[in-house]
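In order, the protein sequences belong to chains A and B. Taken in order, the first sequence gives residues 3 to 298; the numbers are from this note's numbering. Taken in order, the second sequence gives residues 32 to 262; the numbers are from this note's numbering. C-beta: ideal position from N, C-alpha, C; glycine also. A quick write-up on the structure given underneath.
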Amino acid sequence: MATERDRAQSGRATREAAASRAAIAVRPEEFHSGSGKREKVFEMKGVRVDYSGVAAVKDISMDIHRNDVTALIGPSGCGKSTLLRCLNRMNDLIPAAEVHGQLLYHGEDLYGPDVDPVQARKLIGMVFQKPNPFPKSIFDNVAFGPRILGRKADLDATVEEALRSAALWEEVKDRLEDNAFGLSGGQQQRLCIARCIAVQPDTILMDEPCSALDPISTGKIEDLMIELKEQFSIVIVTHNMQQAARVSDRTAFLMVELDADEQSRWGRLVEYDETEKIFTNPSDRRTEDYVSGKVG
Amino acid sequence: MGPMVEQTRVYYQEELEQLEASALGGLDLVTDALERTVEAVEQQDVELAQQVIADDDRIDGRYLEVHQSLIALLATQSPVATDLRLISALLHVLKNVERMGDQCVNVCKLIPLTGNEPPADAEMLGRIVTMGGQARTLISQSKRAFQERNVGLARDLVRQDDVVDDLNRECFGRALEIGDDADKREWAMTMLLAARAIERIGDNAVDIGEQVAFIVTGLFKEFEDASHPDG
């Protein structure tokens with residue numbers, strides 16, 4: 003059993019660790035301050051995404067704050083994945099997709115003429131629904147990004163740090179040369195998170211990262227998100243409302259809107275607020291009906 | 032909402048409605064217990080008092096049954112938003128119902144202590160009977176406010192409860208001037224305890240009103256802060 007002194011010391015160690023983390027990532031004004039003062043990672047104003055000229059989402063105006071987990075929820079077809087993919091220019095890869103409106107990343111136009119989408123995606127990483135490791139060893143998966151970027155010094159340390167951050171190191175440290183496909187689904191997903199972290203992004207986008215995982219693996223990823231937000235900003239799309247409630251600081255609810263003659267439909271933002279507010283006392287009746295599962 | 036929207040989780044909604052009805056039905060049980068309690072005081076009816084004490088098991092049973100079902104609903108249905116606030120409020124209401132039932136039992140336990148003589152002072156008895164009637168009004172009003180989610184009606188409980196509080200103070204005053212007769216004094220002291228118990232029933236009804244406001248507004252705030260009455 004831990005003695006009183008052990009406990010006091012471990013408490014102090016935790017506080018010191020927290021203090022040193024805070025010193026590394028200087029973000030003095032954001033704790034417990036009103037959302038208005040928080041540092042913004044993304045600022046969206048009137049964002050609209052068209053596929054072949056037809057709007058998939060429109061009128062999206064919202065800010066995403068640094069070191070928050072921000073959840074996007076809503077029924078199928080509401081455009082939450084489309085919106086997520088705007089945030090690191092993944093929609094550029096779909097020829098018919100066009101993004102309109104203003105989307106600032108740390109105050110700079112993410113779609114500005116000088117922005118290299120590949121550079122942007124380095125800073126804004128993405129984790130997908132199905133774990134998608136490369137058919138390579140565990141080590142090479144994580145080392146892939148740094149090698150491409152020419153960051154070959156201390157590669158072992160980089161890989162270890164990324165795997166530790168992704169809470170996978172202890173499970174794989176003795177078999178780094180094994181093929182990544184030998185890992186379980188949950189481990190593969192954490193490997194993908196490690197691969198994403200290894201290129202030192204600032205933001206991680208997650209598109210339904212747990213929907214292919216069992217509850218234990220899901221719990222590990224959720225714990226991981228809460229740890230990772232100390233260093234990164236996270237935006238997650240999830241169908242699992244309880245997951246949004248468990249891990250996110252703020253939640254955006256999108257829903258499908260139909261035009262008068264019901265010929266076209268698009269996604270729009272209904273409510274965006276503190277997650278606690280969304281799940282205890284949402285302002286909009288439609289949010290209430292969706293989060294309490296009264297409509298599907 | 033658009034035409035593609037359809038109602039889901041029908042069984043869950045039905046169950047929640049039924050549990051609300053059962054919890055609020057507990058208030059009817061309390062009303063019944065209070066009526067008989069006041070009658071037992073008025074008639075000095077020890078037998079009736081014992082029946083009220085025995086029947087309190089029904090109120091406790093209702094508490095346990097609905098409480099268990101609400102916990103099961105929390106565990107299995109992950110209620111949020113208004114549903115979550117409703118369930119939280121119902122858990123409070125159940126506790127209030129159980130406490131009000133216990134207060135009736137407290138009064139009924141006093142009745143054998145005052146012997147077999149008829150009530151010693153008509154004025155004080157009258158005030159206690161009036162208190163009982165007013166407490167009944169509070170209970171039924173709290174139930175209606177809950178059913179209707181009517182914050183105005185819930186807030187009005189404070190005003191109604193002031194009547195009970197005033198009567199309670201008057202009982203105290205009356206007991207002070209009841210005179211030198213030892214039996215009469217003993218009866219009056221015992222009746223002060225009864226008045227106090229009924230006064231607490233009124234407070235429980237006000238608490239239910241506060242839960243109504245919580246369901247509707249999402250903010251919990253006491254209507255009146257007993258420890259800072261002027262703040």
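query                                                                                                                           : result
Neighbour flag for Pro97 (chain A) against chain B, beta carbons, 7 Å                                                           : no
Short CB-CB distance (under 7 Å) between Asp265 (chain B) and chain A                                                           : Limits of chain B in this structure are 32 at one end and 262 at the other, which puts residue 265 (chain B) out of reach.
Contacts that Ser137 (chain A) makes with chain B (C-beta to C-beta distance below 8 Å)                                         : In the sequence on display, residue 137 (chain A) carries Pro and not Ser. Chain B residues near Pro137 (chain A): none, gap ~39 Å exceeds 8 Å.
Beta bridge counterpart(s) of Gly127 (chain A) as assigned by DSSP                                                              : A:Ile206
Whole-angstrom C-beta distance between Phe254 (chain B) and Val189 (chain B), which should lie under 8 Å                        : 5 Å
The stretch 101 to 112 of chain A touching the stretch 171 to 190 of chain A, judged by at least three CB pairs closer than 8 Å : no
According to DSSP, residues forming a beta bridge with Leu260 (chain A)                                                         : A:Arg267
Span separating the alpha-carbon of Asn137 (chain B) from that of Arg175 (chain B)                                              : 26 Å
Meets three-Cβ-pair contact criterion under 8 Å: the stretch 127 to 146 of chain B and the stretch 180 to 196 of chain B        : no
Alpha helix (DSSP H) segment containing Ser139 (chain A), residue limits                                                        : Here Ser139 (chain A) belongs to no alpha helix (DSSP H), and DSSP marks it neither H nor E.
According to DSSP, residues forming a beta bridge with Ile236 (chain A)                                                         : A:Val71, A:Ile206
Where Arg50 (chain A) sits in the DSSP three-state scheme                                                                       : strand
Members of the stretch 228 to 245 of chain A near chain B, C-beta cut-off 7 Å                                                   : Gln244
Runs of alpha helix (DSSP H) wholly within the stretch 107 to 192 of chain B (minimum 4 residues, chain order)                  : 112 to 141, 153 to 179
Contacts that Tyr290 (chain A) makes with chain B (C-beta to C-beta distance below 8 Å)                                         : The sequence shown places Glu at residue 290 (chain A), rather than the Tyr named in the question. Ordered by position in chain B, the residues that pass the 8 Å Cβ test against Glu290 (chain A) are Ala112, Thr113.
Distance between Ala236 (chain B) and Leu207 (chain B) (C-alpha atoms, nearest Å)                                               : 29 Å
Extent of the continuous alpha helix (DSSP H) run through Leu223 (chain B)                                                      : 213 to 248
Alpha carbon of Arg287 (chain A) to alpha carbon of Thr113 (chain B), nearest angstrom                                          : 10 Å
Any C-beta of chain B under 7 Å from that of Val201 (chain A)                                                                   : no
Nearest neighbour of Ile209 (chain B), chosen from B:Gly183, B:Asp152, B:Leu223 [CA to CA]                                      : B:Asp152
Closer than 7 Å to chain A by CB, Arg40 (chain B)                                                                               : yes
Closer than 7 Å to chain A by CB, Ser109 (chain B)                                                                              : yes
Cβ-based neighbour list, Phe255 (chain A), same chain, cut-off 8 Å, excluding 5 preceding and 5 following                       : Ile75, Gly76, Leu271, Val272, Glu273, Tyr274, Ile280, Pro284, Asp286, Arg288, Thr289, Tyr292, Val293
Beta strand (DSSP E) segment containing Gly103 (chain A), residue limits                                                        : 99 to 107
Proximity below 7 Å, CB of Ile246 (chain B) to CB of Gln134 (chain B)                                                           : no
Min CB distance Pro284 (chain A) to chain B below 7 Å                                                                           : yes
Residue range of the unbroken alpha helix (DSSP H) whose run includes Ile218 (chain A)                                          : 217 to 230
Asp142 (chain A) versus Val120 (chain A) - alpha carbon distance                                                                : 20 Å
Own chain, CB closer than 8 Å to Pro30 (chain A), minus 5 neighbours either side, in chain order                                : A caution first: Pro30 (chain A) carries a pLDDT of 37, below 50, which makes its placement in the model too unreliable to give a value.
Ser294 (chain A) at chain B interface by Cβ criterion, 7 Å                                                                      : yes
Nearest-angstrom beta carbon gap, Ala200 (chain A) and Thr160 (chain A) [assumed within contact, 8 Å]                           : 6 Å
Short CB-CB distance (under 7 Å) between Gly249 (chain B) and chain A                                                           : yes
Chain A residues whose Cβ lies nearer than 8 Å to that of Arg216 (chain B)                                                      : Per Cβ cutoff of 8 Å: no residues; Arg216 (chain B) is ~53 Å from chain A at best.
Residue environment, Thr248 (chain B), which counts as buried when at least 16 other CB atoms sit within 10 Å                   : exposed
Short CB-CB distance (under 7 Å) between Phe146 (chain A) and chain C                                                           : Looking for chain C here will not work: the only protein chains present are A and B.
Beta carbon proximity, Glu46 (chain B) to chain A, threshold 7 Å                                                                : no
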